[in-house]
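Input: a single structure, listed below in structure tokens.
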Amino acid sequence: MSGDTTSDLGLLRRKLGASDYDPDRYVKEIAQRCVGGHELLLQRSNIKSLSEDTHSLLKKNVYQNYRQFIETAREISFLESEIQVSLEIRFLFLMRQRSPSWNRIQKQKKINKQKQMRSAFEEGRKKLYELLERVEACSHITDVPTRYLIYDGDLVEMEPIDNTAMHRVHGYLMNDGFMVATWLANVRGPVSSKSRKKRFEDIIRYKYRFDSSSHVFMNWTVWLLSILFQCANTSAKQDWMKNFDFVKNMRHQNTAALKRSDTITQRDRSIDKDDYSSPDSSKKSF
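For the sequence shown, UniProt numbering assigns the number 1 to the initial residue and increments by one for each residue that follows.
Below you can see the structure in the form of structure tokens.
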């Protein structure tokens with residue numbers, strides 16, 4: 001009986017799994033072939049057993065597919081790690097090949113930049129000494145060894161309220177300040193103007209003030225005092241603003257470098273103090 005049952009299950013599996021399987025036709029065949037309720041119950045039992053076998057096979061296949069997915073993911077991760085290591089090794093190899101030339105290029109760039117800065121400093125210092133002969137009350141301008149002139153040009157100082165011209169001036173932008181020299185009327189000779197100077201830190205903010213017709217005004221707020229200048233043209237104004245930004249950024253970088261240097265110095269002193277301190281220094285001697 002069990003052999004027939006196995007045969008029946010095999011035949012049932014093939015019928016239900018056939019490509020031309022039709023449920024309605026299968027039900028009609030069972031209704032015609034089966035005689036009595038016993039055979040119908042037997043067919044029901046076979047179908048239930050086949051359903052349980054199919055469910056078990058599906059679970060097994062899902063588990064196997066999951067394991068295969070995990071193993072594939074591990075292999076992919078391992079391959080990715082190998083590729084990453086290979087890329088890093090190749091990068092280091094290329095950098096090692098290029099490092100001598102790259103270092104030479106960077107070193108040459110640094111040397112060229114230092115030469116340019118040195119040349120600008122020497123030229124700016126020379127111009128400062130020339131001011132001593134042309135501008136009154138600026139004999140102290142060369143007292144600071146690191147001070148040098150960066151940019152200068154003619155301006156017209158304006159009345160901030162109604163934008164009327166007050167007098168013609170000449171502006172001198174240095175790495176640590178801004179000086180305005182007022183032209184002296186009816187004065188001939190080497191000294192033809194008188195100076196007044198502001199530290200760069202005093203110029204707490206500066207902003208543009210555009211005139212609808214000329215677009216050449218510059219407005220600086222020094223503490224609570226608003227100072228308005230008129231440039232010769234738009235190009236001159238852009239040059240002033242560009243050089244002011246240059247000085248501002250340069251001083252910001254120098255301040256940041258000094259802070260880093262102070263931090264490193266304090267850290268080194270703290271380390272040296274800890275290294276040379278005696279372990280028994282806290283004990284009292286009797």
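Glycine included, each C-beta is placed from N, C-alpha and C at the ideal position.
Can you check whether the CB of residue j is closer than 9 Å to the CB of residue i?
i, j, result
"ILE105", "ASN243", "no"
"GLN230", "MET158", "yes"
"LEU128", "ARG147", "yes"
"SER226", "PRO145", "no"
"GLY153", "ASP245", "no"
According to DSSP, is residue i part of a helix, a strand, or is it coil?
i, result
"SER235", "helix"
"ALA18", "coil"
"LEU79", "helix"
"LEU228", "strand"
Compute the Euclidean distance between the alpha carbons of residue i and residue j, then round it to the nearest angstrom.
i, j, result
"GLU136", "ALA232", "24 Å"
"HIS167", "ARG134", "18 Å"
"LYS15", "GLU88", "59 Å"
"residue 288", "GLN64", "No answer is possible for residue 288: the residues shown for the chain start at 1 and end at 286."
"LEU11", "SER77", "46 Å"
"SER235", "PHE217", "12 Å"
"GLY124", "ILE83", "55 Å"
"ASN254", "ARG90", "38 Å"
"GLU122", "ASP143", "15 Å"
"THR72", "ALA256", "52 Å"
"GLU39", "PRO23", "18 Å"
"SER86", "ARG96", "15 Å"
"ALA18", "CYS34", "22 Å"
"LYS60", "ALA31", "34 Å"
"ASN249", "ILE141", "22 Å"
"ASN46", "VAL27", "14 Å"
"THR164", "CYS138", "28 Å"
"SER101", "LEU94", "12 Å"
"THR54", "GLN68", "21 Å"
"GLY171", "MET241", "13 Å"
"LEU42", "TYR21", "21 Å"
"THR263", "SER81", "40 Å"
"LEU79", "SER51", "41 Å"
"SER56", "SER49", "11 Å"
Would you call residue i buried or exposed, if buried means 16 or more other Cβ atoms sit within 10 Å of its Cβ?
i, result
"VAL62", "exposed"
"ASN112", "exposed"
"ASP181", "Here residue 181 is Ala; the residue named in the question, Asp, does not match the sequence. ALA181 comes out buried."
"LEU131", "buried"
"LEU155", "buried"
"TYR208", "Residue confidence for TYR208 is low, a pLDDT of 48 falling below 50, so the modelled location carries little weight; the figure read from the coordinates is stated next. Its Cβ having fewer than 16 others within 10 Å, TYR208 is exposed."
"residue 303", "The chain is shown only over 1 to 286; residue 303 falls outside these bounds and no answer can be derived."
"residue 322", "Past the boundaries of the shown model lies residue 322; the chain is included only from 1 to 286, so the question cannot be answered."
"ASN175", "buried"
"VAL247", "buried"
"LEU228", "buried"
"LYS126", "exposed"
"PHE178", "buried"
"residue 351", "Any property of residue 351 remains undetermined from this structure, which presents the chain solely from 1 to 286."
"LYS237", "buried"
Are the C-beta of residue i and some C-beta of chain B separated by less than 9 Å?
i, result
"GLU80", "This model lacks chain B altogether; it includes just one protein chain."
Mind checking whether the beta-carbon of residue i lies closer than 8 Å to any heavy atom of the ligand NAP?
i, result
"ILE89", "Absent from the structure shown: the ligand NAP. Ligands present: none."
Could you tell me which whole beta strand (DSSP E) segments of length 3 or greater appear in the stretch 98–173? For secondary structure counted as the beta strand (DSSP E) over 3 or more consecutive residues, the stretch 98–173 holds these complete runs in sequence order: 149–158.
Tell me the start and end of each unbroken alpha helix (DSSP H) in the stretch 23–77 that is at least 4 residues and wholly inside, in chain order. Entirely contained in the stretch 23–77, the alpha helix (DSSP H) runs reaching 4 residues are, in chain order, 23–33.
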